[in-house]
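What follows is one structure encoded as structure tokens, with my remarks underneath.
Protein chains in written order, with our numbering: chain A, 130 to 457; chain B, 15 to 601.
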């Protein structure tokens, strides 16, 4: 990804005075500890300090966002992102040059905005794709401005630096591709080769994970480390079950058998109610949702496994165990 | 005669295309087309009915709670499941906060830029903006320094030359009428609302685990309550919920509602444009009396069937139907009167019939017959949309905030009546001004204020129940499919932020045999039926002025006033092989 480095970035400023990014974050972590704040405040401190670093005159990286067969849930989740907030990101960090849900212009003016952004940022912009790609019947199951979604995707990805497949639909086909896949919906990576496709699966994914991936790119000029499925390791490195606060109940064989039981209200392990946390890699139990407020299992619903490939078929019925698979 | 095409229509959910004939600066005829299809109801067939809510929730995650609630209600209705009071309260709390969140975001992030010229805000005097703010409410962020700061940030942003989501907007268009000071005020609130929505969404996350896509459950809610646990809903969570309610209320009452009235006052002509059909339908929502949810809608035996309007007094938003603007004559709502045509949509009926079908008997097969992409124009004289044509008693109706407010007004619902009277008095217009583009926008704000007030009662009742030791959130008596009849059918309604929503389900041997939804935007964005009656979008656009066909801001104002959700509007249901004629739980 070296060729896609932006010369403007905070790291360069730090490096020029002999401070590495790691040193800087360590400093912020130490500051948080000295102030008696939880570790999460390290990033807030970092934000506060970095605001002092002038960006004037430098170009914000262009992000183009394409909605195909989606429910706009990934967009919704993105707007709940905490650090940075969507307002902060869009006004000061990136240039969100195309996103149909938020764009002021419509129709022809919208298409022109998209085309000029692609031209002006050729080879440099980040393309985020939300939704699956329907291919049957000449792509007529999703058209934009009279063109098929698949053509839109090919055209927009061609000049992108890299592509982020946001959500389980873009990553793996998701809900439209669930059996019997009426529209022959497919994942984004089928159409954008040889471009790098970062997968950020989830139905929807945690908004902060996309934001953190973009911020990583802004700070360090490269993508975060990816796993074998091209998911960022910082968010998809571990199974939910391994980091679940109910895990010790699992180890003690303290299980919930019904939604109206005392064990349910006691926070016991939801595995018998169909929890798929043991087979699902995601950051929910650690990062949690909505400013770190909650997550599915935390509030009392089994993990459905929404970030795993084909979960709509492999992990359903939702409230049943997966045949032949047991948590460790 | 100019042929106008707007595709993509932005600042909506989903893929919408508008084509229109413009003559002498006025829209003569318009066509609305949904251009994306997934086939969710085909995907549902054969699956576990308890899973349905999770699938249909992904019809649309802007409307993120409502399909899930309609679905669990339909399954509970089919199986005769009564939910605990706490579950009903939690659903009310989630749905009400969803309304509040959704309506505020709609106004600022999807609709405001039709009225607010962002670039004009750069010419504002922050002192005057401060005066304007102080004249409309006691919102504390009102000092000149604050608005100067917003203006500075906007200037930096614009000077960067990278306008991002504001690029190529219709800035400078003569249709923009706000003074720069009001533009600056609105830009500040656009940014505030982005931060606000992130914060108040936590209210739903506490109850449902996350937002968007909170969790639901057939038989109740999957929300663990235990004041003595750190892993369940306890006093610490309840106080956070209370703080979030206060945060929501402050913004709704001191920013959103006053802004809508202030902005509307600069656009009086838009209280006369964009009316549409004059027919309105509300299915009603927000049960006020606890657990007997949806009994009125039971499709079951005559002994349990009750007239929905008899129950209207027990719903915060009453149900009813209004014909030809006659607010004083609200008719009873009866789900049996709902049918759908596919004569102008890309579907066929297997018997070749062009008659309408009730959702329990309907069938749909996708069959695209439009032009092969890339295309310039749709064949609007034939089939031209993935959206079907629902009709009530054979006639098109409008659903949504305006329909709900008019029905509530007609039935004398006190909170709504007071707010309507106060608003139109303040704007100096009569009730007829409600039948318009701005009428819809105003109705949305009115019902937000009313719900914001009402939600406290549900919250307080919830706290009282927990204090009394009632932690029950689920009725699991009929959780196991072995307790279900071999065949059953049911219906669930939600009067969602965008309007009346119904889900119809048939269950056979523990699996989904048939699933059908009639969705708010399907009502509003529908193409004509065989007798040529057009839907609400198309009707509302006739007569709209268009000054510059390349910048059709006027058309967008009216379309956005409906708050389109196209992913919702487009759906297909399975070809039910066997019709179950008699309604109710099958033996």
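For every residue, glycine included, the Cβ atom is placed at its ideal position computed from N, Cα and C.
Any chain A beta carbon closer than 8 Å to residue i
| i | result |
| --- | --- |
| residue 660 of chain B | Beyond the ends of chain B as shown, which are 15 and 601, falls residue 660 of chain B; an answer cannot be given. |
| residue 570 of chain B | yes |
| residue 179 of chain B | yes |
| residue 322 of chain B | Low confidence applies here, because residue 322 of chain B scores a pLDDT of 34, under 50, leaving its location unreliable and the question unanswered by this model. |
| residue 120 of chain B | no |
| residue 211 of chain B | yes |
| residue 238 of chain B | yes |
| residue 182 of chain B | yes |
| residue 171 of chain B | yes |
Outcome for residue i when other beta-carbon atoms lying within 10 angstroms are tallied against a minimum of 16
| i | result |
| --- | --- |
| residue 253 of chain B | exposed |
| residue 436 of chain B | exposed |
| residue 428 of chain B | exposed |
| residue 299 of chain B | buried |
| residue 24 of chain B | buried |
| residue 344 of chain B | buried |
| residue 102 of chain B | buried |
| residue 523 of chain B | exposed |
| residue 163 of chain B | exposed |
| residue 323 of chain B | In this predicted model, residue 323 of chain B has a pLDDT of only 33, less than 50, meaning its place in the structure is not dependable; the value taken from the coordinates is given anyway. Answer is buried; the Cβ neighbour count reaches 16. |
| residue 349 of chain B | buried |
| residue 452 of chain A | exposed |
Contact check, residue i vs residue j, beta carbons under 8 Å
| i | j | result |
| --- | --- | --- |
| residue 450 of chain B | residue 288 of chain B | yes |
| residue 278 of chain A | residue 20 of chain B | no |
| residue 409 of chain B | residue 547 of chain B | yes |
| residue 16 of chain B | residue 31 of chain B | no |
| residue 370 of chain A | residue 407 of chain A | yes |
| residue 257 of chain A | residue 282 of chain A | no |
| residue 239 of chain B | residue 480 of chain B | yes |
| residue 530 of chain B | residue 373 of chain B | yes |
| residue 398 of chain A | residue 415 of chain A | no |
| residue 273 of chain B | residue 203 of chain B | yes |
| residue 232 of chain B | residue 86 of chain B | yes |
Proximity test, Cβ basis, 8 Å: residue i and chain B
| i | result |
| --- | --- |
| residue 340 of chain A | no |
| residue 456 of chain A | no |
| residue 416 of chain A | no |
| residue 251 of chain A | no |
| residue 443 of chain A | no |
| residue 295 of chain A | no |
| residue 309 of chain A | yes |
| residue 258 of chain A | no |
| residue 198 of chain A | yes |
| residue 448 of chain A | yes |
| residue 235 of chain A | yes |
| residue 211 of chain A | yes |
| residue 224 of chain A | yes |
| residue 241 of chain A | yes |
| residue 396 of chain A | yes |
Amino acids of chain A, ordered along the chain, whose beta-carbon sits closer than 9 Å to that of residue i
| i | result |
| --- | --- |
| residue 221 of chain B | 423 and 428 |
| residue 205 of chain B | 216 and 220 |
Closer than 8 Å at the beta carbon, the chain B residues around residue i
| i | result |
| --- | --- |
| residue 409 of chain A | The premise fails here: residue 409 of chain A is roughly 14 Å from chain B at the closest Cβ pair, so nothing lies under 8 Å. |
Cross-chain neighbours of residue i in chain B, by beta carbon under 9 Å
| i | result |
| --- | --- |
| residue 188 of chain A | 174, 175 and 176 |
| residue 439 of chain A | None at all; the shortest Cβ gap to chain B is about 13 Å. |
| residue 247 of chain A | Chain B residues near residue 247 of chain A: none, gap ~12 Å exceeds 9 Å. |
Neighbouring residues, chain D, relative to residue i (Cβ below 7 Å)
| i | result |
| --- | --- |
| residue 228 of chain A | Absent from the structure is chain D; the protein chains it does hold are A and B. |
Closer than 7 Å at the beta carbon, the chain B residues around residue i
| i | result |
| --- | --- |
| residue 206 of chain A | 226 |
| residue 305 of chain A | 52 |
| residue 299 of chain A | Ordered by position in chain B, no residue passes the 7 Å Cβ test against residue 299 of chain A, which lies about 13 Å from the chain. |
_Short of 9 Å Cβ to Cβ, which residues in the stretch 265-293 of chain A face chain B?_
266, 267, 268, 269, 270, 271, 272, 273, 274, 275, 276, 277, 278 and 280
*Mind checking the stretch 374-394 of chain A against chain B and listing, in chain order, the residues whose C-beta falls within less than 8 Å of any C-beta there?*
374, 375, 387, 388, 389, 393 and 394
*Relative to chain A, which residues along the stretch 17-30 of chain B have a C-beta separation below 9 Å, given in chain order?*
18, 19, 20, 21, 22, 23, 24, 25, 26, 27, 28 and 29
*asked:* Residues of the stretch 249-269 of chain B in Cβ contact with chain A at a cutoff of 7 Å, in chain order, please.
replied: none
*the stretch 59-75 of chain B: positions lying closer than 9 Å to chain A by Cβ*: 59, 60, 61, 62, 64, 65, 68, 69, 71, 72, 73, 74 and 75
*Select from the stretch 74-106 of chain B all residues with a C-beta closer than 8 Å to any C-beta belonging to chain A, and list them in chain order.*
74, 75, 76 and 78
*asked:* At a CB distance below 7 Å, what residues from the stretch 454-487 of chain B approach chain A? Give them in sequence order.
replied: 485 and 486
_Please list, in chain order, the residues of the stretch 524-539 of chain B that have any C-beta partner in chain A closer than 8 Å._
none
_Interfacial residues, the stretch 325-340 of chain A to chain B, with Cβ spacing under 7 Å_ = 332 and 333
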